[in-house]
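Right, one structure below, let's go through it.
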Amino acid sequence: TLSSSNRVKTRYDFRPQFTYRLNNRITINQAYGLAIEFVDHSFEQLAEDNFLDRNITFSNRVDAVLTDRLNGSFDYAYHFHDRGSYLSSDGSNERFLNIEREDRRDRIKTTFTYRMTGNVSILGRQDYSRREDRRPGTPGARVSEEGGIAIGMRGN
């Protein structure tokens, strides 16, 4: 509670994680997230002052030892965020949410390591990311994509 501006800020955060070891060669890691934040102004009920901010996340990573010399991983991550203002239309306690913006991001990353000798390995990585920003009620969305491939060697 922030009394100087007569507002109450409440946040709920839930982030469980799970690890599944299928066998000595394959492991799956999953993480989920839900974060919700409310801001309520107690005296001046303006729609732009009271807001709800939500974040939903999910990630899934698979690590695999394919052979004694080759291992790799696959990682997918999802993030959805929206924000809006809310206000009761008739002064009652029932609230109506007006979403002002949404954004979504998907990310994929694949890596591998191949051990050529005891001291030299070949490394590879591929990544791709896509972000989509939109304002509900308006046509279209702003989309940006990026990605890359990297291959290298490591030695000691």
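Residue numbering for the sequence shown is 11 to 166, as defined by the numbering used here. Heads up, the beta-carbon is just placed ideally off N, CA and C, and yes, glycines get one too.
For L107, list the residues DSSP reports as bridge partners.
Answer is Y96.
Verify whether the separation of the beta carbon atoms of N60 and H91 is less than 8 Å.
No, the Cβ-Cβ distance between N60 and H91 is not below 8 Å.
So, using beta-carbon positions, are R144 and A151 closer together than 8 Å?
Yes. Within cutoff.
Quick one, are the C-beta atoms of Q40 and S83 less than 8 Å apart?
Contact: no.
Apart from the five residues on each side of it in sequence, which residues of its chain come closer than 6 Å, Cβ to Cβ, to G43?
If we look at G43 and ignore the five residues flanking it on each side, its Cβ neighbours are R25, T67.
CB-CB under 6 Å to E155, same chain, minus the five flanking residues each way: which ones, in chain order?
Same-chain partners within the cutoff: R140.
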